[in-house]
Amino acid sequence: MKRLNLVIPKTVDKAIKSALITIQSWANSIGNIAADQLELYRGDFPPGVIDWPEWCIPLALPADDFISLQTTYSRCSGIFLWEPLKYPSGTWYFEASMAIATAAQTVSVRLMGESQICALSRTGSTEMQIIRSSALTMPSKVTNLYVEMKSSSTGVQASFGNARLVFVPD
């Protein structure tokens with residue numbers, strides 16, 4: 001059996017030194033442990049045990065803003081596999097950050113599955129801003145989700161910064 005031998009500099013605080021010596025003593029006294037005696041952590045735990053008021057699931061995080069001059073929707077994200085049975089009960093929201101080059105025009109971003117789930121739009125300001133939807137009705141079966149955006153006017157630049165799903169557990 002290997003032993004743990006810590007080299008502790010003399011300049012280390014006495015309290016820290018004491019803690020390190022305690023750890024060393026514990027490690028050296030546990031004896032031989034075979035691999036089959038260990039209960040390894042697999043990374044699976046119900047997310048509900050973490051008492052966060054909101055869970056954010058990124059759908060699109062482009063390194064640079066996604067820019068479009070199109071008046072038809074174009075995809076600005078990858079694909080997110082939606083598996084509804086993996087989540088407890090709660091309320092879902094869609095958030096996206098967007099901007100439009102001309103305040104009189106509108107930028108629209110929508111969440112798609114087999115059909116449109118939600119659409120967000122904004123006008124009146126040229127600054128990038130995060131918009132949150134009202135509560136969503138999410139698909140009840142496994143489906144691919146993705147995000148699309150468009151400008152309301154040809155030649156007017158619409159910008160997309162990011163999108164995410166926000167889950168609020170019951």
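So in my numbering, the last one in the sequence shown is 170, and the numbering has no gaps at all. Every residue gets a Cβ at the ideal spot worked out from N, C-alpha and C, and that includes glycine.
CB of Val-168 within 8 Å of CB of Thr-91, strictly: In the sequence shown, residue 168 corresponds to position 168, counting from 1. In the sequence shown, residue 91 corresponds to position 91, counting from 1. Cβ atoms of Val-168 and Thr-91: closer than 8 Å.
Cβ shell of Leu-61 (< 6 Å), same chain only, five flanking positions each side left out: Taking the first residue of the sequence shown as 1, we reach residue 61 at position 61. These residues qualify, in order along the chain: Asn-162.
In chain order, what residues of the same chain lie with their CB nearer than 6 Å to the CB of Arg-3, ignoring the 5 residues before and after it? Position 3 of the sequence shown, counted from the start, is the residue given in the question as residue 3. Leaving aside the five residues that flank Arg-3 on each side, the residues in its chain whose CB is nearer than 6 Å to its CB run, in chain order, Asn-28.
Is Ser-140 buried or exposed, if buried means 16 or more other CB atoms sit within 10 Å of its CB? Position 140 of the sequence shown, counted from the start, is the residue given in the question as residue 140. The residue in question, Ser-140, is exposed, as its Cβ has fewer than 16 Cβ neighbours within 10 Å.
Do you know how far the Cα of Phe-66 is from the Cα of Trp-82? Along the sequence shown, one-based indexing puts residue 82 at 82. Along the sequence shown, one-based indexing puts residue 66 at 66. C-alpha separation (whole angstroms): 23 Å.
Let's see if you can read the secondary structure: which residues bound the beta strand (DSSP E) around Thr-143? One-based indexing of the sequence shown puts residue 143 at position 143. Segment 143-151, the beta strand (DSSP E) holding Thr-143.
Could you check what DSSP says for Ile-21 in three-state terms: helix, strand or coil? For the purposes of this step, residue 21 is identified with residue 21 of the sequence shown, where counting begins at 1. It is helical.
Where Ser-29 sits in the DSSP three-state scheme: In the sequence shown, counting from the first residue as 1, residue 29 sits at position 29. Three-state result, Ser-29: helix.
Do Arg-110 and Tyr-73 have their CB atoms nearer than 8 Å? In the sequence shown, counting from the first residue as 1, residue 110 sits at position 110. In the sequence shown, counting from the first residue as 1, residue 73 sits at position 73. Yes, the Cβ-Cβ distance between Arg-110 and Tyr-73 is below 8 Å.
Classify Leu-81 as helix, strand or coil using the three-state DSSP reduction. Locating residue 81 in the sequence shown gives position 81, where the first residue counts as 1. Residue state, collapsed to three classes: strand.
What is the rounded straight-line gap between the Cα of Thr-137 and the Cα of Ser-115? Counting from one through the sequence shown, the residue named residue 137 turns up at place 137. Counting from one through the sequence shown, the residue named residue 115 turns up at place 115. Thr-137 and Ser-115: Cα-Cα distance of roughly 12 Å.
Kindly indicate which residue of Ala-119, Lys-150, Met-149, Tyr-93 has the alpha-carbon position closest to the one of Val-166. For the purposes of this step, residue 166 is taken as the residue at position 166 of the sequence shown. That would be Tyr-93, whose Cα lies nearest to the Cα of Val-166.
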